[in-house]
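Per the numbering used here, residue 102 is the first one in the sequence shown, and the count goes up by one each step.
Every residue gets a Cβ at the ideal spot worked out from N, C-alpha and C, and that includes glycine.
Some notes on the structure that comes next.
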Amino acid sequence: MSKIIIIGGGVAGLTAGIVALKNGYEAVIFEKHRIAGGNLTGWDRGGCHIDNCVHWLTGTNPVTRQHRLWVDTGALGGVEVYQADALYTFEHNGASLSLSRDVSRLHADMLALSPRDDREIASFIKALNAAKTIIEVSSKSNDRRASTPELLAALPLLLRYHRMTTRQLGQRFSHPVIQGFMECLFPADFGALGLLVAMATFCADNGGIPQGGSLAMAKRMTERFLSLGGALHCSTSVTEIRIVGGHAVSVATDSGDIYDTDDVILAVDPAYAFGRLLDKSYMPLPLKKLYEHPAVSRFSSFHCAFVCELPEPPFQGDRMIGFPKILREKLRSQYLILREYSHEEGFAPEGKSLIQTMHYCTEDECRFFIRLKERPAEYRALKEEIASQIAALIEARCPDLRGKLRCIDTWTPATYKRYTGADVGSYMGFAFPPKLNPVFMNGRLKGLSNVYLATQWQQAPGGLPVAAKAGEAAVLEIMKRGKR
Ligand SMILES: Cc1cc2nc3c(=O)[nH]c(=O)nc-3n(C[C@H](O)[C@H](O)[C@H](O)COP(=O)(O)OP(=O)(O)OC[C@H]3O[C@@H](n4cnc5c(N)ncnc54)[C@H](O)[C@@H]3O)c2cc1C
102 MSKIIIIGGG VAGLTAGIVA LKNGYEAVIF EKHRIAGGNL TGWDRGGCHI DNCVHWLTGT
162 NPVTRQHRLW VDTGALGGVE VYQADALYTF EHNGASLSLS RDVSRLHADM LALSPRDDRE
222 IASFIKALNA AKTIIEVSSK SNDRRASTPE LLAALPLLLR YHRMTTRQLG QRFSHPVIQG
282 FMECLFPADF GALGLLVAMA TFCADNGGIP QGGSLAMAKR MTERFLSLGG ALHCSTSVTE
342 IRIVGGHAVS VATDSGDIYD TDDVILAVDP AYAFGRLLDK SYMPLPLKKL YEHPAVSRFS
402 SFHCAFVCEL PEPPFQGDRM IGFPKILREK LRSQYLILRE YSHEEGFAPE GKSLIQTMHY
462 CTEDECRFFI RLKERPAEYR ALKEEIASQI AALIEARCPD LRGKLRCIDT WTPATYKRYT
522 GADVGSYMGF AFPPKLNPVF MNGRLKGLSN VYLATQWQQA PGGLPVAAKA GEAAVLEIMK
582 RGKR
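Dropping the structure here:
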């Protein structure tokens with residue numbers, strides 16, 4: 102039986118492993134952490150379960166192709182999907198706006214907030230509906246792709262947003278709540294088209310949350326891989342891929358063992374893999390260009406988790422608020438994202454609730470935290486200081502929480518770097534700027550006959566579905582080369 106070694110047991114690696122096994126290959130995954138899942142994970146702290154990942158999962162709509170891949174890999178299927186009425190709510194000075202699933206309600210809410218923005222609101226809603234229609238075409242009719250006339254009708258509406266950042270989109274509105282609403286979901290320099298697509302996915306009922314959260318989803322995928330006969334070596338880092346005449350013959354691990362193989366799938370951050378596991382010259386050119394592009398950057402975030410001495414949190418779902426000027430300057434971030442988990446039984450102890458926060462860090466800030474971690478006392482002190490400022494901000498927003506919040510964990514881009522090895526602690530694909538056309542990369546590597554890349558970096562904006570599809574695509578490439 103032909104053997105595939107998969108380096109990295111995140112969603113891309115697990116999907117590759119499952120698809121390989123289903124197609125008659127022997128699959129072996131090496132994962133440096135003690136469990137598989139990569140960024141799709143969670144952990145217990147202070148009596149709570151902290152959820153690291155899923156805010157929305159593209160592919161929860163049962164008639165999509167992505168959903169079938171999630172069911173095949175054990176990620177979905179037999180598990181309830183929580184579909185919130187609103188993806189998030191932005192609030193400012195007592196006023197708020199929610200991204201509700203019902204676009205006509207969003208339209209009415211925007212107009213009620215700011216009648217004088219009516220023309221800009223109308224353009225935005227038209228574009229959102231166009232994006233939603235394209236997504237719905239495939240999700241409502243068994244993956245039929247949008248037809249040329251359908252695409253032609255939508256394209257001019259969408260192109261306008263392809264040319265601006267989320268911040269520039271926000272600035273087109275005069276009302277501060279609508280401005281914040283447009284700017285807060287993604288990092289500031291993100292292309293507005295990406296925002297529109299994310300919103301449309303949610304409005305097309307294709308962005309729910311599987312019950313049990315991120316770790317439970319990772320465990321289901323791991324179980325599927327093992328039940329099909331896959332071999333999973335956790336707490337084992339691959340240190341080298343041995344190449345002879347453009348062909349990978351074996352991989353070496355940090356325990357000094359050598360494993361022969363027929364094919365290798367690289368399911369780790371490419372910025373780390375090329376240079377460490379393989380020579381840099383093998384990095385696909387389109388990827389290299391993106392890393393070197395002056396307008397393309399990576400990002401990560403700073404997180405806190407708080408346990409609250411209240412059985413119900415003071416808000417529902419994801420809340421976004423602006424940082425006051427002093428914190429904006431200090432944290433170099435405009436917005437704080439607050440999440441509560443009342444939809445998950447057992448994430449907080451009886452009579453208490455859990456609030457997690459995150460705010461984005463630019464690539465420079467990611468490097469700052471990574472360097473600071475080498476001075477543990479200073480790193481810890483800064484994390485504590487930021488956490489207490491964030492707690493004060495939450496208490497100011499929710500007076501009922503005064504004295505009832507306890508920080509149980511903080512984590513930073515440096516944590517992500519340590520955990521997954523990702524170069525700057527980034528966990529999504531590139532923060533794609535406007536005007537740049539998306540790049541789609543297959544997993545083949547020039548000059549190597551049997552090594553394939555399977556990562557979320559091969560298609561913007563990355564995330565779980567892109568990782569899973571890249572894992573599947575790498576195995577399909579192996580099958581194609583083997584004329585299967
Ligand atoms: C806070 C947060 C929120 C997110 N929200 C969403 C969301 O709502 N929706 C969504 O779609 N996505 C979301 N994501 C992104 C999602 O988690 C990632 O896109 C996805 O997990 C990437 O999977 P991957 O397999 O490509 O990479 P990873 O998860 O990084 O997996 C790579 C694996 O390789 C292992 N590894 C690295 N080096 C080696 C080595 N030398 N040897 C062996 N193993 C190695 C690592 O330990 C890791 O397990 C979020 C991520 C975070 C952190």
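Q: Please report how far the alpha carbon of alanine 332 lies from the alpha carbon of alanine 137, in whole angstroms.
A: Alanine 332 and alanine 137 have their C-alpha atoms some 12 Å from each other.
Q | Backbone secondary structure at alanine 569 - three-state DSSP | A | Here alanine 569 sits in helix by DSSP.
Q: Check whether the Cβ of serine 336 sits closer than 7 Å to any heavy atom of ligand 1, and report yes or no.
A: Because no heavy atom of ligand 1 lies under 7 Å away, the Cβ of serine 336 does not count as near it: no.
(Q) Please state whether the Cβ-Cβ distance between threonine 362 and alanine 349 is less than 8 Å. (A) Against a cut-off of 8 Å, the Cβ pair of alanine 349 and threonine 362 comes out as a contact.
Q. Since serine 402 sits in a beta bridge, which residues does DSSP pair it with?
A. In the DSSP output, where bridge partners are listed per residue, serine 402 has Tyr461.
Q.
Restricting to runs no shorter than 3 residues, where is the beta strand (DSSP E) found entirely within the stretch 283-361?
A. Contiguous beta strand (DSSP E) elements confined to the stretch 283-361 occur at 308-311, 332-334, 339-345, 348-354, 359-361, taking only those with 3 or more residues.
Q) For the stretch 562-574 against the stretch 421-428, are there 3 or more C-beta pairs whose distance is under 8 Å? A) The stretch 562-574 vs the stretch 421-428: no contact.
Q. Any chance the stretch 444-462 sits against the stretch 146-156, with 3 or more Cβ pairs inside 8 Å?
A. Touching, per the Cβ criterion.
**Q.** Expected contact under 8 Å - CB spacing of isoleucine 509 and leucine 502 to nearest Å
**A.** Not quite, the Cβ-Cβ distance comes to about 15 Å (not below 8 Å), so this is no contact.
Q: Output the distance between the C-alpha atoms of tyrosine 373 and threonine 556, rounded to the nearest integer angstrom.
A: Their Cα atoms are separated by approximately 12 Å.
Q) Would the beta-carbon of proline 311 be found less than 7 Å away from any heavy atom of ligand 1? A) Checking every heavy atom of ligand 1 against the Cβ of proline 311, none is found closer than 7 Å.
Q: Determine the burial state of serine 248: buried for a count of at least 16 other Cβ atoms within 10 Å of its Cβ, exposed for fewer.
A: Classification for serine 248: exposed.
Q. For ligand 1, is there a heavy atom less than 7 Å away from the beta-carbon of threonine 513?
A. Checking the Cβ of threonine 513 against ligand 1 gives no.
Q. From valine 576 to valine 365, what does the alpha carbon distance come to, in whole angstroms?
A. In this structure, the alpha-carbon of valine 576 lies about 10 Å from that of valine 365.
(Q) Within 10 Å of its beta-carbon, does tyrosine 461 have 16 or more other beta-carbons around it, so buried, or fewer, so exposed? (A) Under the 10 Å beta carbon count, tyrosine 461 is surrounded by 16 or more other beta carbons and is classified as buried.
Q | cysteine 499, DSSP secondary structure in three states | A | Coil, per DSSP.
Q.
If you reduce the DSSP assignment to three classes, tell me which class tyrosine 520 lands in.
A. The DSSP-derived three-state label of tyrosine 520 is helix.
Q) Roughly how many angstroms lie between the CA atoms of threonine 234 and asparagine 140, to the nearest whole one? A) Roughly 31 Å separates the two Cα atoms.
(Q) Please report the distance separating the alpha-carbon of glutamate 475 from that of leucine 253. (A) Each residue's Cα considered, the two are about 53 Å apart.
Q) Regarding tryptophan 157 and ligand 1, is the C-beta to nearest heavy atom distance less than 7 Å? A) Relative to ligand 1, tryptophan 157 has its C-beta within less than 7 Å of a heavy atom.
Q: Verify the contact flag: proline 566, CB atom, against every heavy atom of ligand 1, threshold strictly below 7 Å.
A: Taken from the Cβ of proline 566, at least one heavy atom of ligand 1 lies inside 7 Å.
Q. Which two residues bound the contiguous beta strand (DSSP E) that contains arginine 146?
A. Per DSSP, arginine 146 is one residue of the beta strand (DSSP E) stretching across 143-146.
Q. Helix, strand or coil for asparagine 243 per DSSP?
A. Because asparagine 243 carries a pLDDT of 48, less than 50, the predicted location of this residue cannot be relied on, and no value is offered for it.
Q. Buried or exposed: asparagine 243, going by 16 or more other Cβ atoms within 10 Å of its Cβ?
A. Bear in mind that a pLDDT of 48 at asparagine 243, under 50, signals an unreliable position, so the number given afterwards is only what the model happens to contain. Classification for asparagine 243: exposed.
**Q.** Nearest-angstrom Cα separation, counted from alanine 255 out to phenylalanine 533
**A.** Our two residues, phenylalanine 533 and alanine 255, have alpha carbons roughly 21 Å apart in a direct line.
Q | Given arginine 472 as reference, the closest of Ala497, Lys431, Ala515, Glu445 once Cα atoms are compared | A | It is Ala515.
Q. Taking just the CA atoms, how far does serine 215 sit from glutamate 127?
A. CA-to-CA, the gap between glutamate 127 and serine 215 works out to about 60 Å.
**Q.** Cβ-based burial, proline 524 [other Cβ within 10 Å; buried from 16]
**A.** Reading off the sequence, residue 524 comes out as aspartate, not proline. Aspartate 524 sits buried, since 16 or more C-beta atoms from the chains shown fall within 10 Å of its C-beta.
Q. Can you round the beta-carbon distance between serine 356 and threonine 337 to whole angstroms, since I take them to be within the 8 Å contact cut?
A. Sure, about 6 Å apart at Cβ, within 8 Å.
Q) Using the C-alpha atoms, what's the distance from histidine 394 back to valine 540? A) The C-alpha of valine 540 lies about 13 Å from the C-alpha of histidine 394.
**Q.** Proximity below 8 Å, CB of aspartate 203 to CB of phenylalanine 274
**A.** Contact flag unset, no.
Q: State the Cα-Cα distance for the pair proline 163 and arginine 169, rounded to the nearest angstrom.
A: Near 7 Å, if we compare the C-alpha coordinates of arginine 169 and proline 163.
(Q) Less than 8 Å between the C-beta atoms of valine 408 and arginine 481, yes or no? (A) No, the pair does not count as a contact, with Cβ atoms beyond the cut-off.
**Q.** Best match in Gly572, Glu578, Lys581 for proximity to alanine 117 [C-alpha to C-alpha]
**A.** That would be Gly572, whose Cα lies nearest to the Cα of alanine 117.
Q.
I'd like to know whether the C-beta atoms of leucine 329 and leucine 297 end up nearer to each other than 8 Å.
A. Judged by beta-carbon spacing, leucine 297 lies beyond the 8 Å limit of leucine 329, meaning their Cβ atoms are not closer than that value.
(Q) Using 8 Å for Cβ pairs, my map puts serine 315 next to valine 155. What's the rounded Cβ distance? (A) Cβ-Cβ separation between serine 315 and valine 155: approximately 5 Å, consistent with a contact (criterion under 8 Å).
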